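Asker: Questions regarding the structure given below will be posed in turn.
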Ligand SMILES: [Zn+2]
């Protein structure tokens, strides 16, 4: 049985384990083969994007009042 997961590096949703997929427990098939330092950089950027998205959502909520 496969599971719906969110890639830790690029935030894409993917099935795990997928059929003939390189995906791992925490990374999608596109990010799993990347060299470790590159994936780490993606993870840092993803956290930053997540934070910015939350801030934008808060700002929008504030303007809606
Ligand atoms: Zn990915």
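In my numbering, the protein residues as written are 2 to 66.
Positions of the beta carbon are idealized from the N, C-alpha and C atoms, including for glycine.
Please read all numbers here as calculations on a predicted model, not as lab measurements.
By the DSSP assignment, the alpha helix (DSSP H) with residue 10 in it spans what residues?
Answerer: By 1-based counting over the chain shown, the position of residue 10 is 9. That residue, residue 10, is in no alpha helix (DSSP H); it is neither H nor E in DSSP.
Asker: Hey, would you say residue 9 sits closer than 9 Å to residue 17, going by beta carbons?
Answerer: Indexing the chain shown from 1 puts residue 9 at position 8. Indexing the chain shown from 1 puts residue 17 at position 16. For residue 9 and residue 17, no; Cβs fall outside 9 Å.
Asker: Can residue 30 and residue 15 be called in contact, C-beta distance under 9 Å?
Answerer: Within the chain shown, residue 30 is the residue found at index 29, counting from 1. Within the chain shown, residue 15 is the residue found at index 14, counting from 1. Yes.
Asker: In this structure, how does DSSP classify residue 5 when only helix, strand and coil are distinguished?
Answerer: The sequence position of residue 5 within the chain shown is 4, counting from 1. It is a strand residue.
Asker: Tell me which same chain residues have a C-beta within less than 7 Å of the C-beta of residue 32, skipping the five on either side of it?
Answerer: Within the chain shown, residue 32 is the residue found at index 31, counting from 1. For residue 32, where only same-chain residues beyond five positions count, the Cβ hits under 7 Å are 8, 10, 11, 40 and 43.
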